[in-house]
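First up is the structure itself, then whatever we jot down about it.
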Amino acid sequence: MAATPFYITTAIAYVNGLPHLGHAYEAILTDVMARFQRLDGKDVMFLTGTDEHGEKVAKTAEKNNIAPKEFANINAAAFEAMDKALNISYDDFIRTTEPRHYAASQAIWKKLLEKGDIYLGKYEGWYSVREEAYFGEDELTKNEKGQMITPHGTEAEWVVEPSYFFKLSAYRDKLLAYYKAHPEFIQPGTRRNEIVSFVAQEGGLRDISVSRHKSRLKWGIPVPGDEGHVMYVWLDALTNYITGVGYPDEGKDSFKKYWPADFHVIGKDIIRFHAIYWPAFLMSADITIPKTIFAHGFINVQGEKMSKSIGNVLAPADLIKTFGLDQFRYFLMREIPHGEDGNFSPEQAVQRINADLANGLGNLMQRTLSFIYKNCDAKIPEAKSLNATDEALLANARGLTLSDMKQSVKIFRFNDALSTLWKLVADANAYIDAQAPWALKKTDTERMNTVLYVLTDVIRCLAILVQPYTPESAAKMLDQLKVPTNERNFVHLDEKYKIKHGTIIDQPVGIFPRLNLDAEEAA
Ligand code: MSP
Numbered sequence: 091m092a093a094t095p096f097y098i099t100t101a102i103a104y105v106n107g108l109p110h111l112g113h114a115y116e117a118i119l120t121d122v123m124a125r126f127q128r129l130d131g132k133d134v135m136f137l138t139g140t141d142e143h144g145e146k147v148a149k150t151a152e153k154n155n156i157a158p159k160e161f162a163n164i165n166a167a168a169f170e171a172m173d174k175a176l177n178i179s180y181d182d183f184i185r186t187t188e189p190r191h192y193a194a195s196q197a198i199w200k201k202l203l204e205k206g207d208i209y210l211g212k213y214e215g216w217y218s219v220r221e222e223a224y225f226g227e228d229e230l231t232k233n234e235k236g237q238m239i240t241p242h243g244t245e246a247e248w249v250v251e252p253s254y255f256f257k258l259s260a261y262r263d264k265l266l267a268y269y270k271a272h273p274e275f276i277q278p279g280t281r282r283n284e285i286v287s288f289v290a291q292e293g294g295l296r297d298i299s300v301s302r303h304k305s306r307l308k309w310g311i312p313v314p315g316d317e318g319h320v321m322y323v324w325l326d327a328l329t330n331y332i333t334g335v336g337y338p339d340e341g342k343d344s345f346k347k348y349w350p351a352d353f354h355v356i357g358k359d360i361i362r363f364h365a366i367y368w369p370a371f372l373m374s375a376d377i378t379i380p381k382t383i384f385a386h387g388f389i390n391v392q393g394e395k396m397s398k399s400i401g402n403v404l405a406p407a408d409l410i411k412t413f414g415l416d417q418f419r420y421f422l423m424r425e426i427p428h429g430e431d432g433n434f435s436p437e438q439a440v441q442r443i444n445a446d447l448a449n450g451l452g453n454l455m456q457r458t459l460s461f462i463y464k465n466c467d468a469k470i471p472e473a474k475s476l477n478a479t480d481e482a483l484l485a486n487a488r489g490l491t492l493s494d495m496k497q498s499v500k501i502f503r504f505n506d507a508l509s510t511l512w513k514l515v516a517d518a519n520a521y522i523d524a525q526a527p528w529a530l531k532k533t534d535t536e537r538m539n540t541v542l543y544v545l546t547d548v549i550r551c552l553a554i555l556v557q558p559y560t561p562e563s564a565a566k567m568l569d570q571l572k573v574p575t576n577e578r579n580f581v582h583l584d585e586k587y588k589i590k591h592g593t594i595i596d597q598p599v600g601i602f603p604r605l606n607l608d609a610e611e612a613a
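Below is the structure:
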């Protein structure tokens, strides 16, 4: 039977700046889901990339005295390097400046036009370059300098230009009906409620300008049939999700297999574009709507929003260097609650990493394997008979933990999934303390062997389960236990699979060193 397809995407990052902790968080969150689904036997397609057009990129490039495409090349490479450094298992990295994306964006434009949903008008209004978004006067406030400021704190300017419009207002009822029929479309539920009430309000949906006149902006995808305009960057950017699977060729295998996407993973600041504009564009183009938009929260640093002016923007590469890659990934996934904002504090990271990884999982592995290495000729011993305690721990490791974790992972509750997994780590550590193989060595070697066997099998299961979060370290654990690579998926947590006794292990090496950072170093 063919594996079930699973298509997941991140937002594509603007290339006007370098990657920071927030981008890293989103990439890791998406990667954990992709890895989890692969281990669960799905045929996963994971798309990420960069959003390269628009006024914001054009203006920053100009400030740097460099052509927008060259500027985009430099920063797109930085985002791809971040993904590599974070061990993000993406299948495709899309850049919106690629020819395939021009083709897809122009094709969707034509579809909207044929539907009669695009018309030429004149745009006059407030526009934030930073957010690439329009605002009604009622949404803005004036700051002390008299500038108009958006709810997200950026400056809006007054623009007047001929522009094409998309008839978003015509989709209000269809969107509301869609939200009602598909309660899982916007997650978490709090975000869903926000969107539904926004769309439901009288006059909530105005038609949106979907082009820029070339006299003001040249850096974009030309509007088909009217070279005087380029496409609005959000129509271009959202389309990346279908370009990535082969649009406009809707008959292509990858499109038929992966579309509609299972998840678009995005931050809470861009939910309106994804939960209102995107489904409306797709309805207009007669393309199926993705299954779920999952909006995560924002990461603050030491309790404050990251910002260049505060100087607290953290670079992923520095964080990996300070904490270790898997330690950093683990901390973010363990600490930040589902869909909520989170805080990054180096002290908390050190504490969590030492408690859970060095002392918890690392120590369990180290003391079990060192004991076997020294006392059992490096051979995984045989269990002659299991008692109820052994059986209970194994049952927990083999199947129960996985089914619990699946419930949490399904909706991105990774912090809950990890706390479930760490209950097993604690149980296994309590088991080794209570069974005390070092004492059994003198009194009952058969029982000692059983205990060690149970422990190695539990460690095997733990390592399989932790792979999505700490892939490199989990691989090292499984390598040390000599588990073949094709036996590292969730099927092998079934009770009919066990670790093989008699397997010779290598001399154990510590996987998660204790961190000893002073506060200054950590910051
Ligand atoms: N280019 C648009 C997305 C287009 S998707 C069709 C964009 N780019 S961005 O670079 O500003 O943001 C990329 C992603 O990073 C977004 O999902 C955004 O919410 C997320 N984050 C940016 N800062 C963040 C934090 N401080 N914390 C968590 N995520 C954050 O928006």
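Throughout, the working numbering is defined as the position within the sequence shown, counted from one, plus 90. Backbone N, C-alpha and C fix where the C-beta goes; we use that ideal spot for every residue, glycine too.
According to the DSSP assignment, T575 belongs to no alpha helix (DSSP H), since it is labelled neither H nor E. Partner residues in a beta bridge of Q456, as assigned by DSSP, do not exist.
Here the distance from the Cβ of F461 to the nearest heavy atom of the ligand MSP is not below 8 angstroms.
Not a single heavy atom of the ligand MSP lies less than 8 angstroms from the C-beta of Y348.
For G357, the beta-bridge partners assigned by DSSP are H386. Residue pairing of F580 in beta bridges, as defined by DSSP: absent, with no partner found. Nearest C-alpha to A117 among P558, D596 and S563: P558.
Selection I426, L404, A445 and H582 evaluated against L492 yields H582 as nearest (Cα-Cα).
Of the candidates M238, F256, S259 and K257, M238 places its Cα closest to the Cα of V249.
Look at the beta carbons and you see the segment 461-479 not touching the segment 433-451: under three pairs across the two are nearer than 8 angstroms. With a cut-off of 8 angstroms on Cβ pairs, the segment 297-305 is not in contact with the segment 393-406, counting fewer than three such pairs.
Relative to the ligand MSP, even the nearest heavy atom lies 8 angstroms or more away from the CB of D173. When the beta-carbon positions are compared, L483 and Y521 come within less than 9 angstroms of each other. Contact between the segment 323-343 and the segment 141-152 is present: three or more C-beta pairs spanning the two stretches fall below 8 angstroms. Not one heavy atom of the ligand MSP falls within 8 angstroms of the beta-carbon of F353. Where K212 is concerned, the enclosing beta strand (DSSP E) starts and stops at I208 to S218. Fully contained in the segment 287-341 are the following alpha helix (DSSP H) runs of length 4 or more, in chain order: 323-328 and 330-333. Non-local C-beta neighbours of V403 in its own chain, meaning closer than 6 angstroms and more than five positions away in sequence, comprise H110 and M396, ordered along the chain. Cβ-Cβ separation between T140 and T186: approximately 7 angstroms, consistent with a contact (criterion under 8 angstroms). Relative to E245, the option among N154, R220 and K347 whose CA is nearest is R220. A direct Cα-to-Cα measurement between G226 and E247 gives close to 12 angstroms. Approximately 6 angstroms separates the beta-carbon atoms of L605 and I443; this is inside 8 angstroms, confirming the contact.
Burial state of G336 is buried, judged by a 10 Å Cβ sphere holding 16 or more other Cβ atoms. Within its own chain, the residues whose Cβ lies closer than 6 angstroms to the Cβ of K566, once the five positions on either side in sequence are excluded, are I601, listed in chain order.
Contact check for E160 against A151 passes: the beta carbons are separated by less than 9 angstroms. Per DSSP, the continuous beta strand (DSSP E) segment holding S253 begins and ends at E245 to F256. The straight-line gap separating the alpha-carbon atoms of D523 and K513 is approximately 15 angstroms. If only complete runs of 3 or more residues are kept, the segment 406-469 shows the beta strand (DSSP E) at 432-434, in order along the chain. At a threshold of 8 angstroms, Y521 does not count as near the ligand MSP, since its beta carbon sits no closer than that to any of the ligand's heavy atoms. Within the chosen limit of 8 angstroms, the ligand MSP does not reach the beta carbon of N433 with any heavy atom. For D534, there is no enclosing beta strand (DSSP E), as DSSP marks it with neither H nor E. The secondary-structure analysis by DSSP pairs E394 across a beta bridge with V391. Nearest C-alpha to V105 among P273, E472 and A157: A157. If you draw a straight line from the Cα of G387 to the Cα of H428, it comes to about 8 angstroms.
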